[in-house]
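Notes follow the structure.
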Amino acid sequence: MSAATMQRDLVLVCGLGSLGQHCVVNLKTFGVDVHAVELAPPAHWEIATLPAQIDRLVVGDCRQESILREAGVYKCCAALMVTTNERVNLEAALTARVLNPNIRLVVRSDKQNLNDLLAQQLDNFVAFEPTQLVASAFALAAFGEDLLGFFQLGDQQFRVVRQTIAPDHPWCNQRLVHELDTRSRRVLRHLKADIAALPPDEQANRVENPDSASAQFYTWLPNSPIRSGDVVVTVSANGEEHRAPRLLNLPPRSRRSPKLLWLQIRRRLNVALVLQEFWRTSYEKQIRRVALLCGATVVGLCLLGTGLLSIAGLSPNPVDAFYTTVVLLLGGYGDLFSDFALTEPIPWWLRLFSLVLTLAGTAFIGVLYALLTEKLLTLKFEFLAKRPPVPDRDHVVIIWLGRVGRQVARLLQDLKQPVVGITDQAIAADVLPQMPLLSGPISTALESANLPTAKSIVAVSDDEMQNLELGLMAHRANPDCRLIIRTYEQVFTDKVAQLFPYAQVLCASALSAEAFAGAAFGENVVSLFRLYHQTVLVTQYDIEPHDTLNGLLLGEVAYGYGVVPIWHGRSHQPPRVMPSDDVRLHAGDRLVVLATIRGLRRIEQGDLAPQQWQVQIDQVYAAEGEFEGAAEIARATGLDIGDTRSLLQALPVVLPKRLYRHQALRLVRLLTRSRVQARVLPLQDEPRPLR
């Protein structure tokens, strides 16, 4: 992402399994050299042309310093450790950092706690678990066609939704495309009805804006009306539009004022307030409150009895007085005072107090025993509680509950989608306890899963041949359901997808490899989803002084690189979702965008699309329009406001700043609101008189 990046950077890939091979392919799209380390020469290449794309292949153990030196680790800007052994990946990463302190490390690992600790201690370190990245793609494919993406940034949830406009839809014939953009929503794609009916390959040749830097975004025109049959894809943030999400470990000072922090410290130091707060928060936990009350009473009586017995002189020392009090609390009144009454007189008040101790101890200790018994019985019944029954219809059947299967089930449950899990052996009762589970032989379990009325079937075992077999068995029982099959090799994926077009065949390695490749250049890939047969990466950028993003307007970032900014944060200012195109990026800012691998490559290489449109100002209708129009032009183009005022003194005039088409159309809309007449011109056109 740095503007000072050499023309041919060097990236090291350790491990040429399925994930490693796909990483090499994606890295080559960035125009970099790729060196690779593999323990033994691969017996099978998933991608036939891959050997020619690897600039240097070193055979050996990537944990050894000599092997990494031979692979040129000291010259690499990044290293991807993607073997199937997590221990090997971490050891190789540490060795690479010793040899090259400035290298960026991207590690395949599912040890989340260790990953977080290493990321805190090591700069330029990021770790991914491929199953966590791809699980959302499987879950969304099973959920249905309308929900394309679902991810979370801090406390804020984002959804990518596809809608086919019906004649009675509120937008139909009532809205233009740009009017759908709000403070919490952005349009990602708009397909007119005649284009949406075409096959995907033909849709690419029928776009309204062929100058777009992205084949996925901004291929439509914002002034187009919404008609019946159109398809609209939007990304929206939930919650109130002004709510600022606490995103991705922003510095605490940006979210908490010193005054508020001091008040919280004082509150925590106030013991009385702490006890009151504890008592209030435990209101719903009656068992804990009763147990604390009984325990405190027993302790108080024990201390009081110890003191009185010591003062009365009936015990030679406080320890004996304490033991005597405990005996009384446990019901030992008769054992103590039957002997004492014959040898030594005891004050009546002390005998009465001792009797009270015995009665109170019996009562309170009995309550504690009852509470303990109740808790044990509750735990027993919870342990023996049965899972919910299999739904009758519209449920998703997940075949195999490994790491991917469980993650897919959790995501679907978050989306309130009924789920049924099928596995060949029983799993612990505390794993997805609210999910119906069928265990045993898979073929037998499929018969009990109500397949004829299921909504989707997801086969995600570790064996792609088994996934195909089980998926086809399930599809035979219900040809109308959605079938999602997990595969590992791209060649096998392509063949299955071609032979069984009704199935969605997702190659886990190909999906996650794009995230690993993007992370090699300093980006943090938060999530991913599929949009029209392409992977869209939710990517975070921390803007640095020499970045290719520094100093640009968000409009230039969006339309020049072909990405969609959805979150922008700046120190000492509340972050914003769906930020305005007029925001200028500075070093220290944080930006989250939706981007394809092509968009990430453009940002890395600083490859801005050419600005091929201009705005001609024809007429100002009011005196205040001149001032407001100059301000709008300055914000949208970055020109000095003094210069824009001077331009409006000699009309008609073409603004000297070249713009992208969406930028120019937006500026004309803003000027129209300010009572300034303007129009958009292609770059080659000369200023034309107003007719």
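Residue numbers (the numbering used here): -19 to 671. Built from N, CA and C at the ideal position, the CB exists for glycine as well.
Cross-strand partners of residue i (DSSP beta bridge)
i           : result
residue 18  : 39
residue 467 : 487
residue 373 : BP columns for residue 373 are empty, so no partner.
residue 461 : Answer by DSSP bridge pairing: none, since residue 461 is not bridged.
residue 522 : 570
residue 549 : 570
residue 379 : 402, 439
residue -6  : 17, 61
residue 508 : 517
residue 599 : 657
Alpha-carbon to alpha-carbon, residue j and residue i
i           : j           : result
residue 238 : residue 548 : The predicted position of residue 238 is uncertain, since its pLDDT is 46 and thus under 50; a value taken from the coordinates is nonetheless stated next. Taking the straight line from one Cα to the other gives about 23 Å.
residue 343 : residue 275 : 12 Å
residue 178 : residue 115 : 29 Å
residue 202 : residue 27  : 40 Å
residue 415 : residue 206 : 41 Å
residue 136 : residue 572 : 13 Å
residue 374 : residue 624 : 59 Å
residue 87  : residue 352 : 47 Å
residue 672 : residue 85  : Only positions -19 to 671 of the chain appear in the structure, and residue 672 is not among them; the question remains open.
residue 300 : residue 89  : 60 Å
residue 189 : residue 130 : 28 Å
residue 286 : residue 355 : 32 Å
residue 653 : residue 36  : 59 Å
residue 544 : residue 94  : 32 Å
residue 92  : residue 369 : 33 Å
residue 658 : residue 644 : 10 Å
residue 329 : residue 339 : 15 Å
residue 176 : residue 183 : 7 Å
residue 174 : residue 145 : 13 Å
residue 574 : residue 5   : 21 Å
residue 398 : residue 408 : 20 Å
Member of the options whose CA lies at the smallest distance from the CA of residue i
i           : options            : result
residue 615 : 651, 596, 466      : 651
residue 469 : -1, -9, -6, -8     : -1
residue 181 : 514, 366, 204      : 514
residue 448 : 44, 379, 502, 368  : 379
residue 577 : 80, 607, 517       : 517
residue 604 : 594, 656, 622, 638 : 656
residue 631 : 124, 601, 150, 34  : 601
residue 511 : 110, 91, 128       : 128
residue 143 : 341, 106, 211      : 211
residue 610 : 531, 168, 648      : 648
residue -4  : 13, 12, 31         : 31
residue 425 : 413, 443, 450, 412 : 450
residue 17  : 33, 3, 25, -8      : -8
residue 402 : 408, 390, 385, 486 : 385
residue 25  : 471, 133, 160      : 471
residue 155 : 126, 208, 134      : 208
Distance cut-off 7 Å: residue i Cβ against heavy atoms of the ligand PLP
i           : result
residue 495 : Looking for the ligand PLP in the displayed structure turns up nothing, as the structure carries no ligands at all.
Whole-Å CB distance - residue i paired with residue j, under 8 Å assumed
i           : j           : result
residue 152 : residue 63  : Not confirmed; about 53 Å, so no contact.
residue 570 : residue 520 : 7 Å
residue 7   : residue 497 : 5 Å
residue 542 : residue 138 : Residue 542 to residue 138, Cβ: 19 Å. No contact.
residue 419 : residue 376 : The pair is not a contact, with the Cβ atoms about 17 Å apart (cut-off 8 Å).
residue 337 : residue 273 : Incorrect: roughly 17 Å between the Cβ atoms, too far for contact.
residue 423 : residue 382 : At roughly 19 Å, the Cβ-Cβ gap does not stay under 8 Å, so residue 423 and residue 382 are not in contact.
residue 83  : residue 38  : Incorrect: roughly 16 Å between the Cβ atoms, too far for contact.
residue 594 : residue 663 : 6 Å
8 Å Cβ cutoff met for residue i and residue j
i           : j           : result
residue 157 : residue 170 : yes
residue 43  : residue 75  : yes
residue 560 : residue 534 : yes
residue 400 : residue 439 : no
residue 634 : residue 592 : no
residue 193 : residue 564 : no
residue 457 : residue 432 : yes
residue 566 : residue 621 : no
residue 121 : residue 484 : yes
residue 51  : residue 500 : no
residue 112 : residue 387 : yes
residue 464 : residue 166 : no
residue 99  : residue 108 : no
residue 462 : residue 413 : no
residue 164 : residue 476 : no
residue 341 : residue 309 : yes
CB contact check: residue i to chain D, cutoff 8 Å
i           : result
residue 127 : Among the protein chains of the structure shown there is no chain D, as only one such chain exists.
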